[in-house]
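J.: Here the protein sequences come in this chain order: A and B.
Everything in the first sequence is counted per our numbering, starting at 1 for the first residue and increasing by one.
Everything in the second sequence is counted per our numbering, starting at 95 for the first residue and increasing by one.
Glycine is no exception: its CB is placed at the ideal position from the N, C-alpha and C atoms.
A quick note: this is a predicted structure, and the numbers were derived from the prediction, not measured.
This is the structure I have questions about; it appears just below.
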Amino acid sequence: MIVRILNEGQWHLTDDAVRGLNSFDDAVEQAVAAGDQEQLTKALHTLLDRIRTTGSRVADEELEDSDLILPAADSTLEDVQQLLSESEEGLIPG
Amino acid sequence: MIFRAKTDKALDKLEDPRQTLDYSYQRQLELLQKVRRGVADVATSRKRIELQANQLNTQADKLTNQAQKALEVGREDLAREALTRRSGLQQQLNDLQVQHAQLQAEEEKLTRASQRLQAKVDAFRTKKETIKATYSAAEAQTRINEAFSGISEEMGDVGLAIQRAEDKTAQMQARAGAIDELLASGALDDPTGTAKDDITLELEQLASTSDVENELARMKAALGAGPAAEPQAIEGQQPPAQAQQPPTQAAQPPSLDAQSPQEYQAPPSQGQEAPPAQPQGDLR
Numbered sequence: 001m002i003v004r005i006l007n008e009g010q011w012h013l014t015d016d017a018v019r020g021l022n023s024f025d026d027a028v029e030q031a032v033a034a035g036d037q038e039q040l041t042k043a044l045h046t047l048l049d050r051i052r053t054t055g056s057r058v059a060d061e062e063l064e065d066s067d068l069i070l071p072a073a074d075s076t077l078e079d080v081q082q083l084l085s086e087s088e089e090g091l092i093p094g
Numbered sequence: 095m096i097f098r099a100k101t102d103k104a105l106d107k108l109e110d111p112r113q114t115l116d117y118s119y120q121r122q123l124e125l126l127q128k129v130r131r132g133v134a135d136v137a138t139s140r141k142r143i144e145l146q147a148n149q150l151n152t153q154a155d156k157l158t159n160q161a162q163k164a165l166e167v168g169r170e171d172l173a174r175e176a177l178t179r180r181s182g183l184q185q186q187l188n189d190l191q192v193q194h195a196q197l198q199a200e201e202e203k204l205t206r207a208s209q210r211l212q213a214k215v216d217a218f219r220t221k222k223e224t225i226k227a228t229y230s231a232a233e234a235q236t237r238i239n240e241a242f243s244g245i246s247e248e249m250g251d252v253g254l255a256i257q258r259a260e261d262k263t264a265q266m267q268a269r270a271g272a273i274d275e276l277l278a279s280g281a282l283d284d285p286t287g288t289a290k291d292d293i294t295l296e297l298e299q300l301a302s303t304s305d306v307e308n309e310l311a312r313m314k315a316a317l318g319a320g321p322a323a324e325p326q327a328i329e330g331q332q333p334p335a336q337a338q339q340p341p342t343q344a345a346q347p348p349s350l351d352a353q354s355p356q357e358y359q360a361p362p363s364q365g366q367e368a369p370p371a372q373p374q375g376d377l378r
């Protein structure tokens, strides 16, 4: 699976690694629901760090669609709310 | 997904699917230009902040020196004033440092985005040339879709990054402009030191007074233990010197008044020249 972190680039992730992300995704959703920017930044950092460490970078010259697009680490509540409103299953489906 | 839809709409107008390749490539090059300009803009903003931080630093150092000098001549009130101003500057400096760090991070991200887009645009060009050379218009469509995948997403992301950087630099520039104004208005004083602020003036006055006293003391000592000095006489010399300033300032307003009649005379003379030109214009 290919995951894009906005403003950063794309990563290859195994399906197992993607499944492992769901609990982190929940934390992001909860922070947005609570309207807690500090919590959101923390949750996003954890989620994105996880992707950077478990995934491998897609080479710059590779032209591939992403299966998932995730907000940048310094996104505001508004940014993430907008992304979430486009997807009913959180940032990461499943 | 949003970005992809936008690109596709523009592409619908083209008949030969292979044309879409050239069209898209053109758009990619334009975007690449835009990112590079974005990087340059952010760098300019960053340099401006660095310049201002230097000016504020110079100013802060100067105030520290002033406080030191004021204390040396026993003027704690002046020293306090200088240090109070310096702490105001320090606040500005701290803010600038935070902004500088933000801009630097933004610049790095944008530089990286520019590299990524460049690599993808190059890859797209290679694919594009292969498709155009190898496939007929009818065959090309699936290959083209493959070529588009990824690049339009990247373009969308880069577009957002530029937008972000533009917003950030606009904010910074507004702030930088405010600090420039502050520096220019003399509230933070002129960093070149050509215009003297009130603390400097007062310190210089104190210094010249004590120079005179020292000189007097030396002369008296040379004469052989003269009577006590008379600082009153020295103080008495200052008011006349200060009193000379108001008249010169008062002389300026009349000269300004004298200029305004001249300015009023100018419009009629322009008005006389203008009418002949206007009818000609109307006729043609």
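1) Would valine 136 (chain B) and serine 208 (chain B) be called neighbours here (beta carbons separated by less than 7 Å)?
2) Does any residue of chain B have a CB that is nearer than 7 Å to the CB of glycine 20 (chain A)?
3) Pull up the distance between the alpha-carbon of threonine 14 (chain A) and that of glutamate 223 (chain B), whole angstroms please.
4) Count the other CB atoms within 10 Å of the CB of glutamine 120 (chain B); is the residue buried (16 or more) or exposed (fewer)?
5) By how many angstroms is the C-alpha of glycine 168 (chain B) removed from the C-alpha of aspartate 305 (chain B)?
6) If I measure Cβ to Cβ from proline 333 (chain B) and keep anything under 6 Å in the same chain, skipping five residues before and after, which residues do I get?
7) Hey, how far is the Cα of isoleucine 5 (chain A) from the Cα of glutamate 233 (chain B)?
8) Counting only beta-carbon atoms, is serine 66 (chain A) nearer than 7 Å to chain B?
9) Just to confirm the assignment, what range does the beta strand (DSSP E) spanning valine 80 (chain A) have?
10) Could you tell me the distance, in whole angstroms, from the CA atom of aspartate 251 (chain B) to the CA atom of leucine 68 (chain A)?
11) Which residues in chain A sit within 7 Å of glutamine 209 (chain B), going by Cβ to Cβ distance?
12) Enumerated in chain order, which unbroken segments of the alpha helix (DSSP H) with a length of 4 residues or greater are wholly contained in the segment 213–271 of chain B?
13) At least one CB of chain B closer than 7 Å to the CB of leucine 40 (chain A): is that the case?
14) Please report the straight-line C-alpha distance between serine 139 (chain B) and alanine 264 (chain B), rounded to a whole angstrom.
15) Given a cut-off of 7 Å, decide if alanine 31 (chain A) and valine 43 (chain A) are closer than it, judged by their beta-carbon atoms.
16) Answer with yes or no whether the minimum CB distance from threonine 101 (chain B) to chain A is below 7 Å.
17) When we look at the beta-carbon of threonine 114 (chain B) and count the other beta-carbons within 10 Å, is it buried (16 or more) or exposed?
18) I'd like to know whether the C-beta of glycine 55 (chain A) is nearer than 7 Å to at least one C-beta of chain B.
19) With distances taken Cα to Cα, identify the nearest neighbour of isoleucine 51 (chain A) among A:Leu84, A:Gln82, A:Glu78, A:Leu70.
20) Please compile the residues from chain B whose C-beta is within a distance smaller than 7 Å of the C-beta of leucine 6 (chain A).
21) Once DSSP output is grouped into helix, strand and coil, what is the label at valine 18 (chain A)?
22) Residues of chain A with a CB under 9 Å from the CB of isoleucine 238 (chain B): which are they?
23) Listing by chain order, which chain A residues have their CB less than 8 Å from the CB of isoleucine 245 (chain B)?
24) On a CA-only basis, which of B:Ala259, B:Lys156, B:Arg131 is nearest aspartate 292 (chain B)? Give me that one, please.
25) Does DSSP classify lysine 306 (chain B) as helix, strand or coil?
26) Closest to glycine 182 (chain B) by CA distance: which of B:Arg258, B:Thr228, B:Thr158 is it?
27) Are the CB atoms of arginine 210 (chain B) and glycine 9 (chain A) nearer to each other than 7 Å?
28) Look at the alpha carbon of leucine 204 (chain B) and the alpha carbon of asparagine 7 (chain A), and state the distance between them as a whole number of angstroms.
29) Buried or exposed, going by whether 16 or more other CB atoms sit within 10 Å of the CB of glutamine 162 (chain B)?
30) State the Cα-Cα distance for the pair aspartate 66 (chain B) and glutamate 275 (chain B), rounded to the nearest angstrom.
31) Please check if any C-beta of chain B sits within less than 7 Å of the C-beta of glycine 35 (chain A).
32) How many angstroms separate the CA atom of alanine 270 (chain B) from the CA atom of threonine 220 (chain B)?
33) CA-CA distance, aspartate 74 (chain A) and methionine 249 (chain B)?
34) Within the same chain, show all residues whose beta-carbon is closer than 6 Å to that of leucine 48 (chain A), passing over the 5 residues directly before and after it, in chain order.
35) Would you call the CB atoms of isoleucine 256 (chain B) and proline 111 (chain B) closer than 7 Å?
T.: Taking the definition as stated:
1) As a first step, residue 136 (chain B) is located in the second sequence; it is residue number 42 there, counting from the start. As a first step, residue 208 (chain B) is located in the second sequence; it is residue number 114 there, counting from the start. No. Outside cutoff.
2) Stepping through the first sequence from its first residue, residue 20 (chain A) is reached at position 20. It does not: the Cβ of glycine 20 (chain A) has no partner Cβ on chain B nearer than 7 Å.
3) Here residue 14 (chain A) refers to the residue found at position 14 of the first sequence. Here residue 223 (chain B) refers to the residue found at position 129 of the second sequence. If I take the Cα positions, the gap works out to 33 Å.
4) Residue mapping note: residue 120 (chain B) aligns to position 26 of the second sequence, counting from 1. Per the 10 Å Cβ criterion, exposed.
5) Reading the second sequence from its first residue, position 211 is the one you call residue 305 (chain B). Reading the second sequence from its first residue, position 74 is the one you call residue 168 (chain B). Approximately 15 Å between the Cα atoms of the pair.
6) Taking the second sequence and counting its residues from 1, one reaches residue 333 (chain B) at position 239. Legend: pLDDT at proline 333 (chain B) = 49, less than 50; position of this residue unreliable, value from coordinates given subsequently. So no residue of the chain qualifies.
7) Locating residue 5 (chain A) in the first sequence gives position 5, counting from the first residue. Locating residue 233 (chain B) in the second sequence gives position 139, counting from the first residue. About 34 Å.
8) Counted from its first residue, the first sequence places residue 66 (chain A) at position 66. It does: the Cβ of serine 66 (chain A) has a partner Cβ on chain B nearer than 7 Å.
9) For the purposes of this step, residue 80 (chain A) is identified with residue 80 of the first sequence, where counting begins at 1. Per DSSP, valine 80 (chain A) belongs to no beta strand (DSSP E); it is in the alpha helix (DSSP H), 77–85.
10) Here residue 251 (chain B) is taken as the residue at index 157 of the second sequence, counted from 1. Here residue 68 (chain A) is taken as the residue at index 68 of the first sequence, counted from 1. Distance between the alpha carbons of aspartate 251 (chain B) and leucine 68 (chain A): 13 Å.
11) Here residue 209 (chain B) refers to the residue found at position 115 of the second sequence. By Cβ distance, chain A contributes Asp60.
12) 231–242
13) Within the first sequence, numbered from 1, the residue matching residue 40 (chain A) stands at position 40. For leucine 40 (chain A), the answer is no, since every Cβ of chain B falls outside 7 Å of its Cβ.
14) Position 45 of the second sequence holds residue 139 (chain B). Position 170 of the second sequence holds residue 264 (chain B). When rounded, the distance between both Cα atoms is 9 Å.
15) Numbered from 1 along the first sequence, position 43 holds the residue referred to as residue 43 (chain A). Numbered from 1 along the first sequence, position 31 holds the residue referred to as residue 31 (chain A). Reading off the sequence shown, one finds alanine at residue 43 (chain A), where the question assumed valine. Contact flag set, yes.
16) In the second sequence, counting from the first residue as 1, residue 101 (chain B) sits at position 7. Per-residue confidence for threonine 101 (chain B) stands at a pLDDT of 46, beneath the threshold of 50, marking its modelled position as unreliable; the derived number appears in the next sentence. Threonine 101 (chain B) does not count as touching chain A.
17) Position 20 of the second sequence holds residue 114 (chain B). By the 10 Å Cβ count, threonine 114 (chain B) comes out buried.
18) Against the first sequence, residue 55 (chain A) aligns to sequence position 55. No, glycine 55 (chain A) lies away from the interface with chain B (no Cβ there is under 7 Å from its Cβ).
19) Position 51 of the first sequence holds residue 51 (chain A). It is A:Leu70 whose Cα lies nearest to the Cα of isoleucine 51 (chain A).
20) On the first sequence, residue 6 (chain A) is found 6 positions in, with the first residue counted as 1. Residues of chain B passing the Cβ test: Asp251, Leu254.
21) Within the first sequence, numbered from 1, the residue matching residue 18 (chain A) stands at position 18. Correct three-state label for valine 18 (chain A): helix.
22) Counted from its first residue, the second sequence places residue 238 (chain B) at position 144. For a Cβ distance threshold of 9 Å, nothing in chain A lies close to isoleucine 238 (chain B): the least Cβ distance comes to about 12 Å.
23) As a working note, residue 245 (chain B) is residue 151 in the second sequence. Those within 8 Å of isoleucine 245 (chain B) in chain A are Leu63.
24) Your numbering for residue 292 (chain B) matches position 198 in the second sequence. Aspartate 292 (chain B) has its Cα closest to that of B:Lys156, out of B:Ala259, B:Lys156, B:Arg131.
25) Locating residue 306 (chain B) in the second sequence gives position 212, counting from the first residue. First, the amino acid is wrong: residue 306 (chain B) is valine here, not lysine. Three-state result, valine 306 (chain B): helix.
26) In the second sequence, residue 182 (chain B) corresponds to position 88, counting from 1. Closest by alpha carbon: B:Thr158.
27) Here the question's residue 210 (chain B) lines up with position 116 in the second sequence. Here the question's residue 9 (chain A) lines up with position 9 in the first sequence. Going by C-beta atoms, arginine 210 (chain B) is nearer than 7 Å to glycine 9 (chain A).
28) Within the second sequence, numbered from 1, the residue matching residue 204 (chain B) stands at position 110. Within the first sequence, numbered from 1, the residue matching residue 7 (chain A) stands at position 7. Cα to Cα, the separation comes out at about 8 Å.
29) Here residue 162 (chain B) refers to the residue found at position 68 of the second sequence. By the neighbour-count rule (16 or more Cβ atoms within 10 Å), glutamine 162 (chain B) is not buried but exposed.
30) Absent from the structure is residue 66 (chain B), since the part of chain B shown begins at 95 and ends at 378.
31) In the first sequence, residue 35 (chain A) corresponds to position 35, counting from 1. Among the residues facing chain B, glycine 35 (chain A) is not included, as its CB has no counterpart in that chain under 7 Å away.
32) Taking the first residue of the second sequence as position 1, residue 270 (chain B) is located at position 176. Taking the first residue of the second sequence as position 1, residue 220 (chain B) is located at position 126. So the two alpha carbons sit approximately 44 Å from each other.
33) Residue numbering aside, residue 74 (chain A) sits at position 74 when the first sequence is read from its first letter. Residue numbering aside, residue 249 (chain B) sits at position 155 when the second sequence is read from its first letter. A direct Cα-to-Cα measurement between aspartate 74 (chain A) and methionine 249 (chain B) gives close to 20 Å.
34) Taking the first sequence and counting its residues from 1, one reaches residue 48 (chain A) at position 48. Only Ile5, Ala73 meet the Cβ criterion.
35) As a working mapping, residue 256 (chain B) is identified with position 162 in the second sequence. As a working mapping, residue 111 (chain B) is identified with position 17 in the second sequence. Against a cut-off of 7 Å, the Cβ pair of proline 111 (chain B) and isoleucine 256 (chain B) comes out as no contact.
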